[in-house]
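Step one of this worksheet: look at the structure below.
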Amino acid sequence: DAGITQSPRHKVTETGTPVTLRCHQTENHRYMYWYRQDPGHGLRLIHYSYGVKDTDKGEVSDGYSVSRSKTEDFLLTLESATSSQTSVYFCAISVGVHGEQYFGPGTRLTVT
Amino acid sequence: KQEVTQIPAALSVPEGENLVLNCSFTDSAIYNLQWFRQDPGKGLTSLLLIQSSQREQTSGRLNASLDKSSGRSTLYIAASQPGDSATYLCAVPPRGGGADGLTFGKGTHLIIQP
Numbered sequence: 009d010a011g012i013t014q015s016p017r018h019k020v021t022e023t024g025t026p027v028t029l030r031c032h033q034t035e036n037h038r039y040m041y042w043y044r045q046d047p048g049h050g051l052r053l054i055h056y057s058y059g060v061k062d063t064d065k066g067e068v069s070d071g072y073s074v075s076r077s078k079t080e081d082f083l084l085t086l087e088s089a090t091s092s093q094t095s096v097y098f099c100a101i102s103v104g105v106h107g108e109q110y111f112g113p114g115t116r117l118t119v120t
Numbered sequence: 004k005q006e007v008t009q010i011p012a013a014l015s016v017p018e019g020e021n022l023v024l025n026c027s028f029t030d031s032a033i034y035n036l037q038w039f040r041q042d043p044g045k046g047l048t049s050l051l052l053i054q055s056s057q058r059e060q061t062s063g064r065l066n067a068s069l070d071k072s073s074g075r076s077t078l079y080i081a082a083s084q085p086g087d088s089a090t091y092l093c094a095v096p097p098r099g100g101g102a103d104g105l106t107f108g109k110g111t112h113l114i115i116q117p
């Protein structure tokens, strides 16, 4: 599993509440990613990080922010959750010179 | 913008058959291509990464081929088993190989009948 954990694994929240998802890796890899997976859309990149305090937007970044204050942790925040953000969220890391990506177990988020 | 397509979307075959999953991409200037497996309710498991300079990559009963000029990759599964049942995804990084995240196909849902 490449030493990636995500927390929480499941969460139900109400529209308008803030939510923070955490990704933790144990191997000090530089690159980390947040994706969401939805039926009919597949996996899409939300944000990524190429080092501490260095982040950038992906394809579907609206409504999300990220932070990376330590190499091992990459946080995804929904400032005000909406029903359209109901999804499964995956964290990933990039390993080695060829950039092979490894994924965490996912967080299932339901916004009611 | 890179687009990745996987055909078929679903496939059901009896155990023991050899099968081929297809992946096509619109921008042939890829750095590499990665195949993943996803079991229901689980994360993605990396199966194979094939570099742009390679034509094939093998791992056990799996063989991935890459033809950049035609924008295609195939994943060949030999002697399929019920445990191979899963969704198979292919993905490519952005042009130039930057670490900006992968573009995924929507996957092939594979069922191997015992």
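Same order as they appear, the protein sequences are chains A and B. All the letters of the first sequence, read from the start, carry residue numbers 9 to 120 under my numbering. All the letters of the second sequence, read from the start, carry residue numbers 4 to 117 under my numbering. Ideal placement from N, C-alpha and C gives every residue a C-beta, glycine not left out.
- Restricting attention to S77/A, R44/A and Q14/A, the CA atom closest to the CA of R38/A is found in S77/A.
- Here T21/A is not near G112/A, since their CB atoms are 9 Å or more apart.
- Nearest CB-CB separation between D62/A and chain B: not below the 9 Å threshold.
- Note that the segment 56-76 of chain A does not touch the segment 103-112 of chain A; fewer than 3 beta-carbon pairs, one per stretch, sit closer than 8 Å.
- Burial state of T23/A is exposed, judged by a 10 Å Cβ sphere holding fewer than 16 other Cβ atoms.
- If you draw a straight line from the Cα of P97/B to the Cα of S91/A, it comes to about 30 Å.
- Rounded to the nearest angstrom, the gap between the Cα atoms of L83/A and T34/A is 15 Å.
- Of the residues I33/B, R64/B and E6/B, the one whose Cα lies closest to the Cα of L22/B is R64/B.
- Among the residues of the segment 93-114 of chain A, those with a Cβ less than 7 Å away from any Cβ of chain B are F98, S102, H106, G107, E108, Q109, Y110, F111, G112, P113 and G114, in the order of the chain.
- When C-alpha distances from Y43/A are compared across V105/A, G104/A, T28/A and F98/A, the shortest belongs to F98/A.
- The C-beta of R52/A comes closer than 9 Å to at least one C-beta of chain B.
- As a beta-bridge residue in DSSP terms, T106/B pairs with V95/B.
- Proximity to Y91/B across G19/B, T77/B, A82/B and D70/B peaks at T77/B, based on C-alpha coordinates.
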